[in-house]
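Here's the structure, in structure tokens; my notes come after.
Numbering (this note's numbering), first residue to last: 3 to 196.
Structure below.
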């Protein structure tokens, strides 16, 4: 069976890397508790990290590695087409020449992080039956007069709530003195939005 070549942005591998490793990672915050064990908070869905190793061989091998390094230097995510896994939008997170490159042989290691869409201005959460409020904010909770209240959902952080409602994080923290640790909020908790 012949596999399609791996591609990222405008770079196509002349032959596929030799080794692939796929890791699934979950975002978790660890909060030390006084006189007790740490408290862990899940911060959102998992993501994949694709790692691999390969070689460029033959005339122009080092030139191909330099071309790949040029793609690494470009900012932002790109489409990663992998010969086995489905195509994903990803960030080129690491590139390493594993030994001294020669003109006809370069062994290298790479790492890509899957981009789940991120905070590029297009993400917002809208609960069923709720059309969302002004500025793309979804008032998950109540709105008593001019006071907005956000009900924390699994994976929420104060930073994400501030971004969702278009307010400064410091103002959100000041408006919620009942939250003793701004890095630790729980599902169901009410957060006042100034």
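Glycine included, every Cβ here is placed at the ideal spot set by N, Cα and C.
Item to check | Helix, strand or coil at residue 69 [DSSP, three-state] | outcome: To locate residue 69, count along the chain shown from 1; it is residue 67. Helix at residue 69.
Checklist entry - How big is the Cα-Cα spacing for residue 178 and residue 45? => result Taking the first residue of the chain shown as position 1, residue 178 is located at position 176. Taking the first residue of the chain shown as position 1, residue 45 is located at position 43. Approximately 20 Å between the Cα atoms of the pair.
Next on the checklist: By the three-class DSSP mapping on this structure, what secondary structure does residue 21 have?
Outcome noted: By one-based count along the chain shown, residue 21 stands at place 19. Strand.
Item to check | Cβ neighbours of residue 87 in the same chain (closer than 6 Å, five flanking residues each side left out) | outcome: If you number the chain shown from 1, residue 87 lands on position 85. Same-chain partners within the cutoff: there are none.
Checklist entry - Could you check where the alpha helix (DSSP H) with residue 176 kicks off and where it finishes? => result Walking along the chain shown from the start, residue 176 turns up at place 174. Secondary structure note for residue 176: its alpha helix (DSSP H) is the uninterrupted segment 171–176.
Checklist entry - Looking at C-alpha atoms only, which residue of 114, 14 and 109 is the closest neighbour of residue 99? => result Here residue 99 corresponds to residue number 97 of the chain shown, with the count starting at 1. Closest by alpha carbon: 109.
Checklist entry - How is residue 165 classed by DSSP in three states: helix, strand or coil? => result Counting from 1 along the chain shown, the entry for residue 165 is found at position 163. If DSSP states are grouped into helix, strand and coil, residue 165 belongs with the helices.
Checklist entry - residue 7 and residue 55 look like a contact to me (Cβ under 8 Å); what is the Cβ gap, rounded to whole Å? => result Within the chain shown, the letter at position 5 stands for residue 7. Within the chain shown, the letter at position 53 stands for residue 55. Between residue 55 and residue 7 the Cβ distance is about 16 Å, and since that is not below 8 Å, they are no contact.
Item to check | Supposed close pair residue 116, residue 90 - CB separation, criterion 8 Å | outcome: Taking the first residue of the chain shown as position 1, residue 116 is located at position 114. Taking the first residue of the chain shown as position 1, residue 90 is located at position 88. Going by Cβ atoms, the distance from residue 116 to residue 90 rounds to 5 Å, so yes, they are a contact pair.
Item to check | Neighbour-count burial assignment, residue 36, 16 or more Cβ in a 10 Å radius | outcome: In the chain shown, counting from the first residue as 1, residue 36 sits at position 34. Using a 10 angstroms sphere on the CB of residue 36, the tally of other CB atoms stays under 16, which defines it as exposed.
Next on the checklist: So, at 8 Å on beta carbons, what are the nonlocal neighbours of residue 27 in its own chain, with the 5 sequence-adjacent residues on each side left out?
Outcome noted: To locate residue 27, count along the chain shown from 1; it is residue 25. Once the five neighbours on either side are set aside, the close Cβ partners of residue 27 are 48, 49, 50 and 51.
Item to check | Rounded distance between the beta-carbons of residue 195 and residue 155, thought under 8 Å | outcome: The sequence position of residue 155 within the chain shown is 153, counting from 1. The sequence position of residue 195 within the chain shown is 193, counting from 1. Contact doesn't hold; Cβ gap of about 14 Å is too wide.
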